[in-house]
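Presented below is the structure to which this report refers.
Number of protein chains: 2
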Amino acid sequence: MKVTFKGDYALKAVLDLALHYNKELVTGHDLAQRIDAPIKFLEQVLLDLKKGGFVESRRGNIGGYLLSKAPVQITVGEIIRFIEGPTEPISCVRESYSNCTDIHRCVFKKIWQRVSQATSDIIDNVTFEDLVSQVNAGRQVLAYSI
Amino acid sequence: MKVTFKGDYALKAVLDLALHYNKELVTGHDLAQRIDAPIKFLEQVLLDLKKGGFVESRRGNIGGYLLSKAPVQITVGEIIRFIEGPTEPISCVRESYSNCTDIHRCVFKKIWQRVSQATSDIIDNVTFEDLVSQVNAGRQVLAYSI
DNA sequence: GTATACTCTACTTTGTCAATAGGAATTATA
DNA sequence: TATAATTCCTATTGACAAAGTAGAGTATAC
Numbered sequence: 001m002k003v004t005f006k007g008d009y010a011l012k013a014v015l016d017l018a019l020h021y022n023k024e025l026v027t028g029h030d031l032a033q034r035i036d037a038p039i040k041f042l043e044q045v046l047l048d049l050k051k052g053g054f055v056e057s058r059r060g061n062i063g064g065y066l067l068s069k070a071p072v073q074i075t076v077g078e079i080i081r082f083i084e085g086p087t088e089p090i091s092c093v094r095e096s097y098s099n100c101t102d103i104h105r106c107v108f109k110k111i112w113q114r115v116s117q118a119t120s121d122i123i124d125n126v127t128f129e130d131l132v133s134q135v136n137a138g139r140q141v142l143a144y145s146i
Numbered sequence: 147m148k149v150t151f152k153g154d155y156a157l158k159a160v161l162d163l164a165l166h167y168n169k170e171l172v173t174g175h176d177l178a179q180r181i182d183a184p185i186k187f188l189e190q191v192l193l194d195l196k197k198g199g200f201v202e203s204r205r206g207n208i209g210g211y212l213l214s215k216a217p218v219q220i221t222v223g224e225i226i227r228f229i230e231g232p233t234e235p236i237s238c239v240r241e242s243y244s245n246c247t248d249i250h251r252c253v254f255k256k257i258w259q260r261v262s263q264a265t266s267d268i269i270d271n272v273t274f275e276d277l278v279s280q281v282n283a284g285r286q287v288l289a290y291s292i
């Protein structure tokens with residue numbers, strides 16, 4: 001698995017929207033500032049997330065973005081796969097792996113499958129509600145320490 | 147983690163050399179044919195593997211390549227990291243991850259670290275001796291089934 | 001000395017990533 | 001209705017790496 005800037009922005013954007021879930025709309029401008037992304041690039045990412053059914057939007061004055069599902073219903077794995085594609089370390093399109101007749105090559109395929117499974121076990125079991133809780137817990141620690 | 151053709155070729159080359167360990171030298175030509183790689187590209191990979199201390203070579207007529215350590219002493223993880231670099235899904239060079247002061251960003255760093263650890267647990271615990279055994283076991287199955 | 005093989009460096013092609021740009025469409029509100 | 005704020009859509013660019021190509025140079029067995 002590889003995570004590009006695009007995927008990174010997407011995850012941070014969804015987390016920010018999760019933090020504002022059931023509260024207010026978030027404008028692209030504010031979002032871009034908080035997650036430190038170029039606004040025009042972020043707009044494209046948000047458009048993708050919209051097509052993927054993760055995000056909704058309201059146009060015009062006082063418009064903005066919001067999550068289309070509850071944070072508990074969105075996992076990190078869903079976002080990553082949607083933006084980055086399959087998480088396998090090697091593409092199965094590569095013919096020597098999809099059509100695994102030669103034993104020399106087949107042994108590696110098993111390894112990539114194990115890695116892929118281990119990765120999925122992690123990213124598919126973290127929801128954005130989990131992340132919101134972590135952020136809030138972190139904030140409390142910060143508040144106490146002051 | 148991402149595995150490019152270069153890494154793929156490197157792994158297959160080392161496996162092929164492992165299958166010939168303590169037997170005979172393997173020429174670049176033969177190697178390229180068996181693992182289905184462009185010879186001139188494979189030569190560069192083998193040169194890298196030599197610099198990394200995994201492979202030795204003999205020049206001239208009846209020259210070729212051989213492993214510089216026993217297959218049991220080489221892991222898949224070593225080869226991958228040497229050829230592809232770090233296995234983390236996201237680069238720690240990205241300042242928001244190396245300098246993790248903002249909680250919004252920090253929660254994802256933990257996930258990438260878990261993925262990275264899970265990946266290492268797999269690839270660092272497979273030696274090329276393991277792979278040789280698998281190949282030989284596969285060959286026996288094939289022999290019986292005929 | 002010649003065929004065979006590895007060594008080294010440079011180059012090319014192709015594709016993706018990340019960002020930039022500019023306008024079109026939509027909507028609240030003064 | 002005009003305007004400001006906002007999302008939507010498409011095109012383009014610059015940088016970089018991945019994958020392969022090329023050719024000359026060096027070593028060695030026979």
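Chains V and H, in that order, give the protein sequences. Just so we're aligned, residue 1 is where the first sequence starts under the working numbering, counting upward by one. Just so we're aligned, residue 147 is where the second sequence starts under the working numbering, counting upward by one. Just so it is clear, CB atoms sit at the ideal spot from N, CA and C, and this is done for glycine as well.
With distance defined between alpha-carbon atoms, name the residue in Lys-69(V), Ala-118(V), Gly-85(V) nearest to Trp-258(H). As a working note, residue 258(H) is residue 112 in the second sequence. Taking each of Lys-69(V), Ala-118(V), Gly-85(V) in turn and checking the Cα distance to Trp-258(H), the smallest one comes out for Ala-118(V).
Determine the contact status of Ile-229(H) and Gly-153(H), defining contact as a CB-CB distance below 8 Å. Position 83 of the second sequence holds residue 229(H). Position 7 of the second sequence holds residue 153(H). The answer is yes: Cβ separation under 8 Å.
Can you look up Val-115(V) in the DSSP assignment and give me helix, strand or coil? Translated into positions along the first sequence, residue 115(V) becomes position 115. Correct three-state label for Val-115(V): helix.
Contacting positions in the segment 122 to 135 of chain V - beta carbon closer than 8 Å to chain H: Residues are counted here when their Cβ sits less than 8 Å from a Cβ of chain H; for the segment 122 to 135 of chain V these are Ile-122, Ile-123, Val-126, Leu-131, Gln-134, Val-135, given in chain order.
State the DSSP-derived secondary structure class of Glu-56(V), mapped to helix, strand or coil. Taking the first residue of the first sequence as position 1, residue 56(V) is located at position 56. The answer is strand: DSSP assigns Glu-56(V) an E or B state.
Please list the residues of the segment 58 to 85 of chain V that have a C-beta atom closer than 7 Å to any C-beta atom in chain H, keeping them in chain order. Val-76
At a Cβ threshold of 8 Å, is Ala-264(H) touching chain V? Position 118 of the second sequence, counting from 1, holds the residue named residue 264(H). Yes, because at least one Cβ of chain V sits closer than 8 Å to the Cβ of Ala-264(H).
For Leu-157(H), does the count of other Cβ atoms within 10 angstroms reach 16, so buried, or fall short, so exposed? Start at 1 with the first residue of the second sequence, and residue 157(H) comes out as number 11. By the neighbour-count rule (16 or more Cβ atoms within 10 Å), Leu-157(H) is buried.
I want to verify the contact list: residues of chain H whose CB lies under 8 Å from the CB of Val-3(V), in sequence order. Stepping through the first sequence from its first residue, residue 3(V) is reached at position 3. The answer, in chain order, is Pro-235, Ile-236, Trp-258.
Work out the CA separation of Ala-178(H) and Ile-236(H) for me, nearest whole Å. Position 90 of the second sequence, counting from 1, holds the residue named residue 236(H). Position 32 of the second sequence, counting from 1, holds the residue named residue 178(H). For Ile-236(H) and Ala-178(H), the distance between alpha carbons rounds to 32 Å.
When you compare the CB of Val-261(H) with every CB in chain V, is at least one pair closer than 8 Å? Counted from its first residue, the second sequence places residue 261(H) at position 115. So, interface residue.
Contact list for the segment 152 to 176 of chain H against chain V, Cβ threshold 9 Å: Gly-153, Asp-154, Leu-157, Lys-158, Leu-161, Asp-162, Leu-165
Determine which residues share a DSSP beta bridge with Thr-150(H) and list them. Here residue 150(H) is taken as the residue at index 4 of the second sequence, counted from 1. DSSP, once it has assigned bridges, lists no residue as partnering Thr-150(H).
Terminal residues of the alpha helix (DSSP H) in which Gly-63(V) lies: Here residue 63(V) corresponds to residue number 63 of the first sequence, with the count starting at 1. Note, Gly-63(V): premise wrong, no alpha helix (DSSP H); not H, not E.
Could you tell me whether the Cβ of Gln-140(V) comes closer than 8 Å to any Cβ of chain H? Along the first sequence, one-based indexing puts residue 140(V) at 140. Closer than 8 Å: no.
Close beta carbons around Gly-209(H), own chain, < 8 Å, minus the five adjacent residues each side: In the second sequence, counting from the first residue as 1, residue 209(H) sits at position 63. Excluding positions up to five away in sequence, the list reads Leu-171, Thr-173, Ser-203.
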